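Chemist: Numbering (this note's numbering), first residue to last: 229 to 525.
1. Which class does residue 309 belong to by DSSP, given the choice of helix, strand or coil?
2. Using only the alpha-carbon positions, how far apart do residue 271 and residue 473 sit?
3. With the cut-off set at 8 angstroms, would you say residue 314 and residue 508 are in Cβ contact?
4. Is the beta carbon of residue 386 closer than 8 angstroms to that of residue 359?
5. Three Cβ pairs or more, each shorter than 8 angstroms: is that satisfied between the segment 481-500 and the segment 270-290?
6. Mapping the DSSP letters down to three states, classify residue 451 as helix, strand or coil.
7. Under the DSSP definition of a beta bridge, which residues are partnered with residue 277?
8. Determine whether the beta carbon atoms of residue 405 and residue 339 lie at a separation below 8 angstroms.
9. Among the residues of its own chain, which have a CB less than 6 angstroms from the CB of residue 283, if the five just before and after it don't count?
10. State buried or exposed for residue 432, treating a residue as buried only when at least 16 other CB atoms are found within 10 Å of its CB.
11. Tell me whether residue 531 sits in a helix, a strand or coil according to DSSP, three-state version.
12. Counting pairs of Cβ atoms below 8 angstroms between the segment 349-359 and the segment 438-448, do you hit three or more?
13. Leaving out the 5 sequence neighbours to the left and right, which residues in its chain are closer than 6 angstroms to residue 471 when beta-carbon positions are compared?
14. Counting only the same chain and skipping the five closest in sequence on each side, list residues whose C-beta sits under 7 angstroms from that of residue 418.
15. Put residue 298 into one of helix, strand or coil per three-state DSSP.
16. For residue 345, which of 303, 421, 437, 463 has the nearest alpha-carbon?
17. Smallest Cα separation from residue 487: which of 308, 286, 252, 412?
18. Given residue 325, which residues of its chain have a CB within under 7 angstroms of its CB, disregarding the five upstream and five downstream residues?
19. How would you call residue 500, buried or exposed, if buried means at least 16 neighbouring beta carbons within 10 angstroms?
20. Below 7 angstroms CB to CB, which residues in the same chain sit around residue 301 once its five sequence neighbours on both sides are set aside?
21. When DSSP labels each residue in this structure, what does residue 285 get in the three-state scheme?
22. Using 8 angstroms as the threshold, is the C-beta distance between residue 456 and residue 403 below it?
23. Among residues of its own chain, excluding the 5 on either side of residue 503, which ones have a beta-carbon nearer than 6 angstroms to its beta-carbon?
24. Report the option in 466, 321, 512 whose CA atom is closest to the CA atom of residue 530.
25. How many Å lie between residue 468 and residue 397 at the Cα?
26. Just the Cα atoms here: how many angstroms apart are residue 318 and residue 235?
27. Pull up the CB-CB distance for residue 298 and residue 483, whole angstroms please, since I reckon it's below 8 angstroms.
28. Quick check: the Cα distance between residue 371 and residue 383, rounded to an integer number of angstroms?
29. Among the candidates 311, 321, 438, whose CA atom is the shortest distance from the CA of residue 399?
30. Return the CA-CA distance between residue 459 and residue 333, expressed in angstroms with no decimal places.
What follows is the structure in structure tokens.
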């Protein structure tokens, strides 16, 4: 009875959120999982249970290896996106932490792209990365032509070799400011006593950052990697706004959407579950690590 009085009010307040979470998150995941092991490949309904056949077909019997192609694109996009956002985010945070005039202005400029929707920025970047070269070039290629740097012109996202890497440019531009904010908060959260102690010991600026400051930023860097990493895996609207449903830039999220348009619900569900597992492989170890770190601290 005492336990009920102790936990009852809290559970009562949380019950609406718990019910919504159970129905619209875990309930839909369970429904999607059930659909992925069925044979509902049209709008007429499922005829029975097929086990892991839909998953097997994605990797071994998909037309033109479309699913594995989308996974390769996702890997390229994620790697370039992570490297770019981490590099520019840390660089901008480092420069602001060192002290510059009009810091508030620069911080606003770096963070502003986050306020723009992926669709709006995608439309702009579609023009900037106009694949036309030579006469009639637009966007960045036109700028290169005006600067007499025609050798730098390229087809950007339509390039069959590194078009998917170019697709990460808009995402890097839009989310580097977010990573900068994380690193800047990490810089400002380092106790001043550590810096003063290192200075008393005769540490140079290089040694100060190498042995004192940067190691303190490891948890921030890990959090940034996890957050933007899982965001890149679910990227849909930005890629669709720039390139549309193109083979060269197709990722699993776009493949799911196109599969749903053909009413192949079982296949779309299987792709969704695979994508969910990939995101979980990134997030779950991080959650376990942070929980253990909190308990040990």
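Where a beta carbon is used, it is the ideal one built from N, C-alpha and C, also for glycine.
A quick note: this is a predicted structure, and the numbers were derived from the prediction, not measured.
Modeler: Let's see:
1. Counting from one through the chain shown, the residue named residue 309 turns up at place 81. Here residue 309 sits in helix by DSSP.
2. Stepping through the chain shown from its first residue, residue 271 is reached at position 43. Stepping through the chain shown from its first residue, residue 473 is reached at position 245. Straight-line Cα distance between these residues: approximately 23 angstroms.
3. Position 86 of the chain shown, counted from the start, is the residue given in the question as residue 314. Position 280 of the chain shown, counted from the start, is the residue given in the question as residue 508. No, they are not a contact pair.
4. Residue mapping note: residue 359 aligns to position 131 of the chain shown, counting from 1. Residue mapping note: residue 386 aligns to position 158 of the chain shown, counting from 1. Residue 386 is positioned such that its CB atom lies closer than 8 angstroms to that of residue 359.
5. Taking 8 angstroms as the limit for Cβ pairs, the verdict is that the segment 270-290 does touch the segment 481-500.
6. In the chain shown, counting from the first residue as 1, residue 451 sits at position 223. Helix at residue 451.
7. Sequence index remark: in the chain shown, residue 277 carries index 49 (1-based). DSSP lists 266 as partners of residue 277.
8. In the chain shown, counting from the first residue as 1, residue 405 sits at position 177. In the chain shown, counting from the first residue as 1, residue 339 sits at position 111. The criterion of a C-beta distance shorter than 8 angstroms is satisfied by residue 405 and residue 339.
9. Taking the first residue of the chain shown as 1, we reach residue 283 at position 55. Once the five neighbours on either side are set aside, the close Cβ partners of residue 283 are 498.
10. As a working note, residue 432 is residue 204 in the chain shown. Label assigned to residue 432: exposed.
11. Absent from the structure is residue 531, since the part of the chain shown begins at 229 and ends at 525.
12. no
13. Here residue 471 refers to the residue found at position 243 when the chain shown is read from its first residue. Cβ neighbours of residue 471 beyond the five flanking positions: 385, 477.
14. Translated into positions along the chain shown, residue 418 becomes position 190. 441, 444, listed in sequence order.
15. To locate residue 298, count along the chain shown from 1; it is residue 70. Here residue 298 sits in helix by DSSP.
16. As a working mapping, residue 345 is identified with position 117 in the chain shown. It is 463.
17. Counting from one through the chain shown, the residue named residue 487 turns up at place 259. Of the candidates 308, 286, 252, 412, the one whose C-alpha sits nearest the C-alpha of residue 487 is 286.
18. Along the chain shown, read from residue 1 onward, the residue named residue 325 stands at position 97. The residues are 412, 415.
19. By 1-based counting over the chain shown, the position of residue 500 is 272. Residue 500 is buried by the Cβ-count criterion.
20. Numbered from its first residue, the chain shown carries residue 301 at position 73. Around residue 301: 392, 477, 478, 479.
21. Residue mapping note: residue 285 aligns to position 57 of the chain shown, counting from 1. The answer is helix: DSSP assigns residue 285 an H, G or I state.
22. Taking the chain shown and counting its residues from 1, the one referred to as residue 456 is at position 228. Taking the chain shown and counting its residues from 1, the one referred to as residue 403 is at position 175. Inclusion of residue 456 and residue 403 in the CB contact set at 8 angstroms is warranted, their separation being smaller than that value.
23. Mapped onto the chain shown, residue 503 falls at position 275. Once the five neighbours on either side are set aside, the close Cβ partners of residue 503 are 480.
24. What is shown of the chain runs 229 to 525, which leaves residue 530 out entirely.
25. Position 240 of the chain shown, counted from the start, is the residue given in the question as residue 468. Position 169 of the chain shown, counted from the start, is the residue given in the question as residue 397. Taking the straight line joining both Cα atoms gives about 14 angstroms.
26. Stepping through the chain shown from its first residue, residue 318 is reached at position 90. Stepping through the chain shown from its first residue, residue 235 is reached at position 7. Residue 318 and residue 235: Cα-Cα distance of roughly 44 angstroms.
27. Within the chain shown, numbered from 1, the residue matching residue 298 stands at position 70. Within the chain shown, numbered from 1, the residue matching residue 483 stands at position 255. Residue 298 to residue 483, Cβ: 5 angstroms. Contact.
28. To locate residue 371, count along the chain shown from 1; it is residue 143. To locate residue 383, count along the chain shown from 1; it is residue 155. Looking at the two C-alpha atoms, the distance is approximately 14 angstroms.
29. For the purposes of this step, residue 399 is taken as residue 171 along the chain shown, with counting starting at 1. Ranking 311, 321, 438 by Cα distance to residue 399 puts 311 first.
30. As a position in the chain shown, residue 459 is number 231, starting the count at 1. As a position in the chain shown, residue 333 is number 105, starting the count at 1. Straight-line Cα distance between these residues: approximately 27 angstroms.
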